[in-house]
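Structure, as structure tokens:
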Amino acid sequence: MNTFHLKTSVVLLEKLKMTVVVIPKDMVDEMGGLGTRLLCSVNGFEEFHCGLVAFGEGQGYISINKKRLKKFGAALGDEVTLDLRHDHSKYG
């Protein structure tokens, strides 16, 4: 099972007032495209279920709510490390 690693920043998706991490197009393509269900670990903390949502120009994003950000020791503007793998559970 492939695990994808990425360093990225937590940004605000203004239109939806959501905190997200942006996934580059090449990685979105490698993981299977938009809509792909994943398990995501931020800064080595426990995984949570997520999906790749369209951000524009082939990029994707994963939303991370404020409660999770706090738990992961991160905030808006911080650089975080993501470990992503395909979700083969009933949610995937």
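The sequence shown begins at 112 in this note's numbering and counts up by one.
C-beta atoms are modelled at their ideal positions from N, C-alpha and C, and glycine is treated no differently.
For residue 179, which residues from the same chain have a beta carbon less than 8 angstroms from its beta carbon, with the 5 sequence-adjacent residues on both sides left out?
153, 159
Euclidean distance between Cα positions of residue 122 and residue 168:
C-alpha separation (whole angstroms): 17 angstroms.
Cβ-based neighbour list, residue 151, same chain, cut-off 7 angstroms, excluding 5 preceding and 5 following
158, 159, 161, 173, 193, 195
Run through the DSSP bridge pairs and tell me what residue 116 is partnered with.
194
Measuring CA to CA, which of 187, 136, 201, 199 is closest to residue 125?
187
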